[in-house]
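Written below as C-alpha coordinates is the structure these notes are about.
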Amino acid sequence: MVTGGRNRGRVRVIKNREKHKGTFETIHVQDATGHEFATRLANVFTIGKGTKPW
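Under my numbering, the first residue of the sequence shown carries the number 485, and numbering increases by one thereafter.
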(Lines of atoms letter the chains of each structure in order from A; the text may use other names.)
(Lines give C-alpha, C1' and ligand atoms only; values in the text may rest on other atoms or scores of the structure.)
Protein backbone atom coordinates (compact mmCIF):
# COMPACT_ATOMS: atom_id res chain seq x y z
CA MET A 485 0.00 0.00 0.00
CA VAL A 486 1.30 3.45 -0.87
CA THR A 487 0.85 5.88 2.03
CA GLY A 488 2.31 9.08 0.60
CA GLY A 489 3.04 11.03 -2.55
CA ARG A 490 0.91 11.35 -5.68
CA ASN A 491 0.07 7.62 -5.70
CA ARG A 492 -1.32 7.56 -2.15
CA GLY A 493 -3.94 4.83 -1.63
CA ARG A 494 -2.85 2.49 -4.41
CA VAL A 495 -2.48 -1.15 -3.46
CA ARG A 496 -0.67 -3.89 -5.35
CA VAL A 497 2.66 -5.70 -5.86
CA ILE A 498 6.21 -4.40 -5.41
CA LYS A 499 8.14 -5.19 -8.60
CA ASN A 500 11.61 -3.76 -7.96
CA ARG A 501 13.67 -1.94 -5.34
CA GLU A 502 16.48 0.44 -6.33
CA LYS A 503 19.10 1.20 -3.71
CA HIS A 504 20.93 4.52 -4.07
CA LYS A 505 23.76 5.24 -1.64
CA GLY A 506 23.43 8.60 0.07
CA THR A 507 19.88 9.30 -1.13
CA PHE A 508 16.36 7.84 -1.13
CA GLU A 509 15.59 4.25 -2.12
CA THR A 510 13.04 3.87 -4.91
CA ILE A 511 10.32 1.20 -5.07
CA HIS A 512 8.60 0.23 -8.34
CA VAL A 513 4.99 -0.87 -7.84
CA GLN A 514 2.41 -2.28 -10.28
CA ASP A 515 -1.25 -1.66 -9.38
CA ALA A 516 -4.35 -3.71 -10.23
CA THR A 517 -4.89 -1.93 -13.58
CA GLY A 518 -1.34 -2.77 -14.74
CA HIS A 519 -0.01 0.76 -14.27
CA GLU A 520 3.58 0.70 -12.99
CA PHE A 521 4.91 3.62 -10.99
CA ALA A 522 7.83 4.47 -8.70
CA THR A 523 7.82 6.01 -5.23
CA ARG A 524 10.15 6.43 -2.28
CA LEU A 525 10.59 3.58 0.18
CA ALA A 526 9.22 5.78 3.00
CA ASN A 527 5.89 5.99 1.11
CA VAL A 528 5.32 2.21 1.01
CA PHE A 529 3.64 0.06 3.67
CA THR A 530 3.82 -3.71 3.11
CA ILE A 531 0.60 -5.59 3.91
CA GLY A 532 1.39 -9.18 2.83
CA LYS A 533 3.72 -11.35 0.78
CA GLY A 534 3.25 -11.60 -3.00
CA THR A 535 -0.40 -11.33 -3.98
CA LYS A 536 -1.62 -12.83 -0.68
CA PRO A 537 -2.80 -10.40 2.02
CA TRP A 538 -1.61 -10.78 5.58
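Just so you know, even glycine gets a beta-carbon here, dropped at the ideal spot from N, CA and C.
Is the beta carbon of ILE498 less than 8 Å from the beta carbon of VAL486?
no
Which partner residues does ASN500 have in the DSSP bridge list?
HIS512
Is the CB-CB distance between ASN500 and PHE521 below 8 Å?
no
Within 10 angstroms of its Cβ, does ILE511 collect 16 or more other Cβ (buried), or is it exposed?
buried
Is it true that the CB of ARG496 sits closer than 8 Å to the CB of ALA526?
no
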